[in-house]
Amino acid sequence: CGSLMGLYAASTLSHMFHDLAWRRFFRTLDQACIFLLIAGSFTPIAVVFLWDHWWPTLLVVVWALAIFGVVVVIRAGYLPPRAQITYGLLGWLPIISINQLYHSARFELFLLFVMGGAFYSIGSVFLRFDRHVRYFHALWHTFVIAGSTCHYIAILLMVM
């Protein structure tokens, strides 16, 4: 929940300022927070449903990649290609636990997790071309909201 709030705050601020220095600062923070959101979204899933065998190792790897991504983005001050690759790797790494998750979680939770990941992944296509096609950036944000809503509801249902 904290990583989601941090990302949404940074994203809102990055779109709010017209001053380029502030915009750049908050855009960098926004890009760094994406790593924390991915790891933060996977953490409750790993702790509740995947905490046997080698799955704790996967959680450590996810957080190590997230921290690596944050450091790369903050040091560069923008989103270099290696950070973009890390987004994809980090976002898709939990797929190796899909079988265990399918057998451990209630089906509606499993479905919400998968749908959330699908929304983020589909949205990234719009982000990739947002400078070339009008309104693609808005579509990107729509898919992000859909993905984060799915994950938020799933995690909320987990703890209730």
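Take the sequence shown: its position 127, counting from 1, is numbered 1155 in the working numbering, and each next residue is one higher. Every residue gets a Cβ at the ideal spot worked out from N, C-alpha and C, and that includes glycine. Please read these numbers as outputs of a predicted model, since none were measured by experiment.
Item, Value
"Look at the Cβ atom of Ala1060, then the Cβ atom of Val1090, and state whether they are nearer than 7 Å.", "no"
"Take the Cβ of Asp1058 as the centre, count every other Cβ of all protein chains shown within 10 Å, and call the residue buried at 16 or more, exposed below.", "buried"
"Verify whether the separation of the beta carbon atoms of Leu1129 and Thr1114 is less than 7 Å.", "no"
"Three or more beta-carbon pairs under 8 Å between the stretch 1033 to 1053 and the stretch 1121 to 1128, yes or no?", "no"
"Should Leu1185 be labelled buried (16 or more other beta-carbon atoms within 10 Å of its own) or exposed?", "exposed"
"In three-state DSSP terms, what is Val1161?", "coil"
"For a quick check, are the C-beta atoms of Phe1171 and Phe1147 less than 7 Å apart?", "yes"
"Please work out which residues of its chain come closer than 7 Å, Cβ to Cβ, to Trp1168, disregarding the five sequence neighbours upstream and downstream, and give them in chain order.", "Gly1151, Phe1154, Leu1155, Asp1158"
"By the three-class DSSP mapping on this structure, what secondary structure does Gly1204 have?", "The chain is shown only over 1029 to 1188; residue 1204 falls outside these bounds and no answer can be derived."
"How big is the Cα-Cα spacing for Tyr1163 and Tyr1180?", "26 Å"
"State the CB to CB distance for the pair Trp1082 and Ala1074, rounded to an integer number of angstroms; the pair is presumed to be in contact (CB under 8 Å).", "That belief does not hold up - the Cβ atoms of Trp1082 and Ala1074 are roughly 11 Å apart, past 8 Å."
"Measuring straight from C-alpha to C-alpha, what distance separates Gln1112 and Leu1121?", "14 Å"
"Taking only the alpha-carbon atoms, compute the straight-line gap between Ala1166 and Ile1066 and give it to the nearest angstrom.", "21 Å"
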